[in-house]
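Below is one structure, written out as structure tokens, with a few remarks after it.
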Amino acid sequence: MNITVIGAGYVGLVQAVGLAEAGHVVRCVDVNVERVECLRRAEVPFFEIGLAEKLEANSAAGRLRFFSSLEDASRDFESVCVFVCVQTPSREDGSCDLSAVEAVMKEIGRVGLDCLVVVKSTVPPGLEEEMCGWLGTGGRLAANPEFLREGRAMEDFFAPDRIVIGVSSSRDEQVLRDVYAFLDVPIFVMSIASAQLTKYSANTMLAMRLSLMNELACIADVVGADIQDVERGIGSDTRIGSPFLRAGAGFGGSCFPKDVQALARVASTHGVESLLIQPIIEANIRQGMYFVEKADRLLGGISGKTIAVWGMAFNKNTDDVRESPAVRISQELLSRGAKLRVFDPEAMENAKKEIVSADVVWCDSKEVALEGVDALFVLTEWDEFLTADWERVAGAISGGLIFDGKNCLPRADVARAGFRVHGMGLWNA
Ligand code: UDX
Ligand code: UDX
Numbered sequence: 110m111n112i113t114v115i116g117a118g119y120v121g122l123v124q125a126v127g128l129a130e131a132g133h134v135v136r137c138v139d140v141n142v143e144r145v146e147c148l149r150r151a152e153v154p155f156f157e158i159g160l161a162e163k164l165e166a167n168s169a170a171g172r173l174r175f176f177s178s179l180e181d182a183s184r185d186f187e188s189v190c191v192f193v194c195v196q197t198p199s200r201e202d203g204s205c206d207l208s209a210v211e212a213v214m215k216e217i218g219r220v221g222l223d224c225l226v227v228v229k230s231t232v233p234p235g236l237e238e239e240m241c242g243w244l245g246t247g248g249r250l251a252a253n254p255e256f257l258r259e260g261r262a263m264e265d266f267f268a269p270d271r272i273v274i275g276v277s278s279s280r281d282e283q284v285l286r287d288v289y290a291f292l293d294v295p296i297f298v299m300s301i302a303s304a305q306l307t308k309y310s311a312n313t314m315l316a317m318r319l320s321l322m323n324e325l326a327c328i329a330d331v332v333g334a335d336i337q338d339v340e341r342g343i344g345s346d347t348r349i350g351s352p353f354l355r356a357g358a359g360f361g362g363s364c365f366p367k368d369v370q371a372l373a374r375v376a377s378t379h380g381v382e383s384l385l386i387q388p389i390i391e392a393n394i395r396q397g398m399y400f401v402e403k404a405d406r407l408l409g410g411i412s413g414k415t416i417a418v419w420g421m422a423f424n425k426n427t428d429d430v431r432e433s434p435a436v437r438i439s440q441e442l443l444s445r446g447a448k449l450r451v452f453d454p455e456a457m458e459n460a461k462k463e464i465v466s467a468d469v470v471w472c473d474s475k476e477v478a479l480e481g482v483d484a485l486f487v488l489t490e491w492d493e494f495l496t497a498d499w500e501r502v503a504g505a506i507s508g509g510l511i512f513d514g515k516n517c518l519p520r521a522d523v524a525r526a527g528f529r530v531h532g533m534g535l536w537n538a
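According to this note's numbering, the sequence shown is numbered sequentially starting from 110.
Take a look at the structure:
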């Protein structure tokens, strides 16, 4: 089937490449001309495992082309649907900024695409009428929220737990069933508002789960419990389940903070008093500060200390530092007078744009970052950090202290090398 994708970012590019890989003929449009040129050279403008190979293969096979204008992309190309995958960032007040979606919808109306318009971008429920107005008369709208995790986006595209589609006719439902016919997973069909609320609810539920675990870790610290034992103890309850229970110094990414705040705004603008949603964000920010306070106490003060920081990205296997706790914590350490030696396998260039300080040395390897430091902070769960040579690390860190902001380190290996690992809720591991 012929499909158009608008927006070639973390979401849109995965959608375009994935659909081409599944056998569809895809034209991807992005206003950023430089990005389009980069994609035409089969270069991916960010780090996502497996994306570059499939971009190259499908472009070479003629199933995938890139354009900087919708008009050009639509010439002699009859799409069955167009996916809208542009950013929907938070405004200052936490509400969702729909300006990019509005611009794209109006462009679709101007160009006069006669096909189903599928909003994959995360937009608040209850705006269907307004969005149809942007499309103009006869516009057909659907919702198909994404559940891609950065760092595992290609895996999540080809093996999702489910597909959620919000449609207003059986004709539109059939279009999306045909698009996703290559997947053998449940397809949940519902109203557009329900599909959009599903997306916000999923992210809010996941974020709330993490914020609760993070608060339980703070309690574990003060009562001498081990949060990883608690994780096992509750995760074995099939009603809770074990995934997504790892406590740490906070979660990051462009989605959880943005979507949780947007949902809180949806509730408040409709007069629903939410007591649970907004605190998720406050608890998350506080968690990073709690982690720094703990380190300050155990280090006997941060000022004047030289600290190695392993990890800047908000998640492993990505170069994305949007809302990354590692960036927030590093900035707090600097504000308390620390000097940092920083390494991240992929996110260094993005991190340098966020942290501008003469007290930061950007290092080429995790080993170089250890030279002459008093302590090590691990702030992203990269696999290469977990398999470090802990005996060698022991020789490098004078104070013998490791602060594990992701509770991700192999505690037995690290303890064997003579370290005290201080995670969140890991009682003096
Ligand atoms: C974003 C949000 O992060 C995600 O929550 C939402 O579900 C989808 O939108 P993402 O892909 O991360 O996803 O956004 P981003 O990486 O900023 O990419 C957006 C792309 O759209 C950019 O390449 C931008 O140039 C392009 N764009 C934006 C257009 O092509 N046209 C526009 O009018 C605006
Ligand atoms: C999330 C949702 O998982 C995805 O479904 C949605 O489409 C976009 O938002 P993403 O933010 O890309 O995906 O990555 P995710 O793997 O969910 O991690 C989010 C944050 O939670 C990261 O900072 C990660 O380190 C943290 N996390 C994750 C934990 O702290 N503990 C865990 O157990 C899992």
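Here a beta-carbon is modelled for each residue, glycine too, at the ideal position from N, C-alpha and C.
Here V523 has W499, V530 as same chain residues with Cβ atoms under 6 angstroms from its own Cβ, once five neighbours each way along the sequence are excluded.
In this structure, DSSP gives N516 a state outside helix and strand, which the three-state scheme calls coil. Relative to ligand 1, G116 has its C-beta within less than 7 angstroms of a heavy atom.
For E264, the CB stays at least 7 angstroms from every heavy atom of ligand 2. With 16 or more other CB atoms across the displayed protein chains lying within 10 angstroms of its CB, M322 is buried. Within the segment 172-244, the complete beta strand (DSSP E) segments at least 3 residues long are 173-176, 190-193, 225-228, listed from N- to C-terminus. Sequence-distant partners of L244 (beyond 5 residues in either direction) whose C-beta falls short of 7 angstroms from its own C-beta, in its chain, are M214, I217, G218, V226, L250. For V213, the CB falls within less than 7 angstroms of some heavy atom of ligand 1.
DSSP places T415 inside the beta strand (DSSP E), whose first and last residues are 415-419.
Positions of the beta strand (DSSP E) runs, each at least 3 residues long and wholly inside the segment 394-464, are given as 415-419, 448-452 in order along the chain. Three or more beta-carbon pairs separated by less than 8 angstroms are not found between the segment 419-438 and the segment 338-353, which leaves the two stretches without contact. Here I158 carries a coil assignment [DSSP, helix/strand/coil].
Nearest neighbour of V123 by Cα position, chosen from M110, G159, E382, R149, turns out to be G159. With contacts defined by Cβ atoms closer than 8 angstroms, P233 and Q305 form a contacting pair. Here the alpha carbon of C472 sits roughly 47 angstroms from the alpha carbon of T378.
Using a 10 angstroms sphere on the CB of N459, the tally of other CB atoms reaches 16 or more, which defines it as buried. In this structure, D453 places its C-beta atom within 8 angstroms of the C-beta atom of G420.
For the 8 angstroms CB-CB criterion, L173 and V135 form a contact. Excluding the 5 residues flanking it on each side, A252 has same chain C-beta neighbours closer than 6 angstroms at V228, G275, I301, A304, Q305, in chain order.
Within its own chain, the residues whose Cβ lies closer than 7 angstroms to the Cβ of Q370, once the five positions on either side in sequence are excluded, are S199, G203, I390, listed in chain order.
By the 16-neighbour rule on beta-carbons within 10 angstroms, Q283 is exposed.
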